Amino acid sequence: MSDNVRVRFAPSPTGPLHIGGVRTALYNYLFARQCGGKMILRIEDTDSQRFVPGAEDYINEALAWLGIGIDEGVREGGPYGPYKQSERRDIYRSHVKLLLDAGKAYIAFDTPSELEAARSERQNFQYDASTRGTMRNSLTLPADEVKALIDGGAQYVVRFKVEPDRDVEVNDLLRGKVVINSNVLDDKVLYKSADDLPTYHLANIVDDHLMKISHVIRGEEWLPSAPLHVLLYEAFGWADTMPAFVHLPLLLKPDGKGKLSKRDGDRLGFPVFPLLWTDPATGAVSRGYREDGYLPEAVVNFLALLGWNPGDDTEIMSMDELIAKFSFAHCSRAGAKFAYEKGAWFNHQYISEMADDRLAELFKPVLAANGVDAGAFADDYIVRVVSLVKNRVNFVRELWDVSRFFFVAPVEYEAKSVKKRWSADMPSIMEELIGVLENIGDFSSSAAEPVVLGWIADKGYHLGNVMNAFRLAVVGECKGPHMFEITELLGKDETVSRIRRAIREIAVPEC
RNA sequence: GGCGAUUUAGUGUAGUGGCCUAGCACGCCGCCCUCUCACGGCGGAAACCCGGGUUCGAGUCCCGGAUUCGCUACCA
Numbered sequence: 013m014s015d016n017v018r019v020r021f022a023p024s025p026t027g028p029l030h031i032g033g034v035r036t037a038l039y040n041y042l043f044a045r046q047c048g049g050k051m052i053l054r055i056e057d058t059d060s061q062r063f064v065p066g067a068e069d070y071i072n073e074a075l076a077w078l079g080i081g082i083d084e085g086v087r088e089g090g091p092y093g094p095y096k097q098s099e100r101r102d103i104y105r106s107h108v109k110l111l112l113d114a115g116k117a118y119i120a121f122d123t124p125s126e127l128e129a130a131r132s133e134r135q136n137f138q139y140d141a142s143t144r145g146t147m148r149n150s151l152t153l154p155a156d157e158v159k160a161l162i163d164g165g166a167q168y169v170v171r172f173k174v175e176p177d178r179d180v181e182v183n184d185l186l187r188g189k190v191v192i193n194s195n196v197l198d199d200k201v202l203y204k205s206a207d208d209l210p211t212y213h214l215a216n217i218v219d220d221h222l223m224k225i226s227h228v229i230r231g232e233e234w235l236p237s238a239p240l241h242v243l244l245y246e247a248f249g250w251a252d253t254m255p256a257f258v259h260l261p262l263l264l265k266p267d268g269k270g271k272l273s274k275r276d277g278d279r280l281g282f283p284v285f286p287l288l289w290t291d292p293a294t295g296a297v298s299r300g301y302r303e304d305g306y307l308p309e310a311v312v313n314f315l316a317l318l319g320w321n322p323g324d325d326t327e328i329m330s331m332d333e334l335i336a337k338f339s340f341a342h343c344s345r346a347g348a349k350f351a352y353e354k355g356a357w358f359n360h361q362y363i364s365e366m367a368d369d370r371l372a373e374l375f376k377p378v379l380a381a382n383g384v385d386a387g388a389f390a391d392d393y394i395v396r397v398v399s400l401v402k403n404r405v406n407f408v409r410e411l412w413d414v415s416r417f418f419f420v421a422p423v424e425y426e427a428k429s430v431k432k433r434w435s436a437d438m439p440s441i442m443e444e445l446i447g448v449l450e451n452i453g454d455f456s457s458s459a460a461e462p463v464v465l466g467w468i469a470d471k472g473y474h475l476g477n478v479m480n481a482f483r484l485a486v487v488g489e490c491k492g493p494h495m496f497e498i499t500e501l502l503g504k505d506e507t508v509s510r511i512r513r514a515i516r517e518i519a520v521p522e523c
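Shown next as structure tokens:
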């Protein structure tokens, strides 16, 4: 691939970055890195009505968390700035004038209510070559009236004059040649005087051209307007440097139909945003992958495989491996239902493989949230606990469920296990066990285990019964890692005191 | 409605005319491991949207239909 590859991710700051947007950003990033190209982040804030404060910071923070690096952008700067569209008004104004002067666009004065009326009067009304002659615009009004209207402060929009009956070709790297007749395109609004801002279509083409974008990689929802964009490149005389297009399949609801939405996450219980988001207007809180205990590398890996595959059976891939293997040739074209359950599996894989000390750090806030003062335990202790239980969980927060007994002695004993394992003779056997344990000098797993097992064998006790009662006394239920790994970590004193407590507390079932 | 895209197990996908009695993974079920629960290992159920063609041969190519998704704003 050429080293002139320049791609952009161009979100609107109208709310938190959607997980589908994250995937689009990721594919852009993977492609850029693979080609040794540049990744540009452009903020498309041309809809002043829908601007949401904080959204831009959110986008930056989310991409940073996921490791999707930006080479040029609002924060990073770069030779083709500004990278925020609201700061590029002059550029758009001059380009609108170019089109106007060339007769490729015109001024329209129709008010929203007039347009609405036209739409309700005529079915399938479309502002295009067949109807613009009946509307109030610079094509139908005398020049002096147009001037008078503008000078008088009348609000207007600039519309693109789409040439009728032309087959417009869009070359999509994923879908091949897509042909659409220009008759189905309307004279899109390119600029609105009300806020002195262009619409997406104009700003997008102008910026992509000026920022020397080589590949436009975006969601499939843009495919229908891609012919319009091609026409715009032609109108500006930029057809020869038009970027290549890639329209990625959409992320769909896990069940049912339609695009993945925030409500699906609430309904099915998974986040649709990378980071926690609090709506500044309503205060409503949306879950985030980060706060839900997902690892960024797991989210990246999971997302990468939703709509792309490496061509073989490899599933676990680091960012570098993804960069090396990514290819549009292996992107699917159909929308992918958002398989959030598999996301949990990816997280499990990454947690299992994660360095114990790093995982221990992530676990500390969870301990605190559960009322445990992590400072009361040696770092090494927490690290060893984590290494013992990490392959049993999907999420960091679940580490607590499987390791709480390492931090808090059980106060309750699971009823079913008590019934099954705490037989009438167990208190006395446990008394014996205490004696055995107290005579063990080296309490490590490898040293203590043969002693206890030998005692059980000598006495002719039932191994399972004794070991499970032992476990029940120490853990509170019949679950968990190898028993002697637990006691090694807990130490002799704590182990013995827990057994004593169990003997006192557990009522022997009636016989 | 119009336009476009799309279509392999429940889900994500492999498959570029014979190597497909359709592979992998998640999920589900069973077995093994074992002091328990997990992990892990092994095994199982489960798919080429439908109909026509082309071809000695089609999941793979062509046509038609259906499906699903998207777009159809002075939103992106």
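Using my numbering, the final residue of the first sequence is 523, and nothing's skipped along the way. Just so you know, even glycine gets a beta-carbon here, dropped at the ideal spot from N, CA and C. Predicted model only: the values in this text are computed from it and were never measured.
{"query": "Secondary structure of threonine 290, DSSP reduced to three states", "result": "strand"}
{"query": "Candidates Ser273, Gly90, Cys343: closest to aspartate 184 by CA position", "result": "Cys343"}
{"query": "Pairwise C-alpha distance: arginine 416 and glycine 387", "result": "15 Å"}
{"query": "Cα-Cα separation, alanine 22 to asparagine 313", "result": "22 Å"}
{"query": "Alpha-carbon to alpha-carbon, alanine 44 and valine 190", "result": "24 Å"}
{"query": "Integer-rounded CB distance, given that aspartate 276 should sit under 8 Å from isoleucine 265", "result": "Inspection of the sequence shows that residue 265 is occupied by lysine rather than by isoleucine. Right, the Cβ-Cβ distance comes to about 5 Å (below 8 Å), so this counts as a contact."}
{"query": "Cβ neighbour criterion (16 or more within 10 Å) applied to valine 423", "result": "exposed"}
{"query": "Contiguous beta strand (DSSP E) assignments of at least 3 residues, all confined to the segment 105 to 190", "result": "117 to 120, 169 to 172, 179 to 184"}
{"query": "Per DSSP, cross-strand counterpart(s) of histidine 30", "result": "The partner list for histidine 30 (beta bridge, DSSP) is empty, contrary to what the question assumes."}
{"query": "The segment 323 to 342 touching the segment 432 to 442, judged by at least three CB pairs closer than 8 Å", "result": "no"}
{"query": "C-alpha distance - arginine 396 paired with glutamate 365, whole-angstrom precision", "result": "14 Å"}
{"query": "At least three beta-carbon pairs within less than 8 Å, the segment 205 to 213 to the segment 90 to 106", "result": "yes"}
{"query": "Per-residue burial, asparagine 149 [other beta carbons within 10 Å of its own, 16 or more giving buried]", "result": "buried"}
{"query": "Residues of its chain near phenylalanine 407, where Cβ-Cβ distance is below 8 Å and the 5 sequence neighbours each way are ignored", "result": "Asp304, Gly305, Tyr306, Ala356, Asn359, Ile363"}
{"query": "Identity of the residue in Asn72, Val19, Gly66, Phe63 nearest glycine 48 by Cα", "result": "Val19"}
{"query": "Cysteine 523, DSSP secondary structure in three states", "result": "Residue placement at cysteine 523 is poorly supported in this model, since its pLDDT is 44, which falls under 50; the coordinates are not used for a value here."}
{"query": "9 Å Cβ cutoff met for glycine 492 and valine 414", "result": "yes"}
{"query": "8 Å CB neighbourhood of glycine 145 in its chain, flanking five on each side removed", "result": "Leu151, Thr152"}
{"query": "Touch test, the segment 473 to 491 against the segment 429 to 436, Cβ-Cβ under 8 Å, three pairs minimum", "result": "yes"}
{"query": "Selected residue, minimal CA-CA separation from asparagine 382, among Arg409, Ala76, Lys402", "result": "Arg409"}
{"query": "Contact under 9 Å by Cβ, phenylalanine 63 with leucine 111", "result": "no"}
{"query": "For valine 430, the residue or residues it bridges with in DSSP", "result": "DSSP, once it has assigned bridges, lists no residue as partnering valine 430."}
{"query": "Alpha helix (DSSP H) runs wholly inside the segment 382 to 449, at least 4 long, in chain order", "result": "391 to 401, 410 to 415, 427 to 433"}
{"query": "For glutamate 500 and proline 25, the rounded distance between their alpha carbons", "result": "53 Å"}
{"query": "Whole-angstrom distance between proline 286 and valine 17, CA atom to CA atom", "result": "27 Å"}
{"query": "Candidates Glu443, Arg178, Lys204, Val463: closest to aspartate 195 by CA position", "result": "Per the sequence presented here, residue 195 reads as asparagine, with aspartate not at that position. The candidate whose alpha carbon is nearest that of asparagine 195 is Arg178."}
{"query": "Supposed contact pair glycine 188 and proline 261 - C-beta distance, whole angstroms, cut 8 Å", "result": "Incorrect: roughly 15 Å between the Cβ atoms, too far for contact."}
{"query": "Euclidean distance between Cα positions of glycine 66 and threonine 36", "result": "21 Å"}
{"query": "Exposure of asparagine 403, with buried meaning 16 or more beta-carbon neighbours within 10 Å", "result": "exposed"}
{"query": "Contacts around alanine 390, its chain only, beta-carbon distance under 7 Å, and the 5 residues preceding and following it disregarded", "result": "none"}
{"query": "Segment limits, alpha helix (DSSP H) that includes leucine 315", "result": "308 to 316"}
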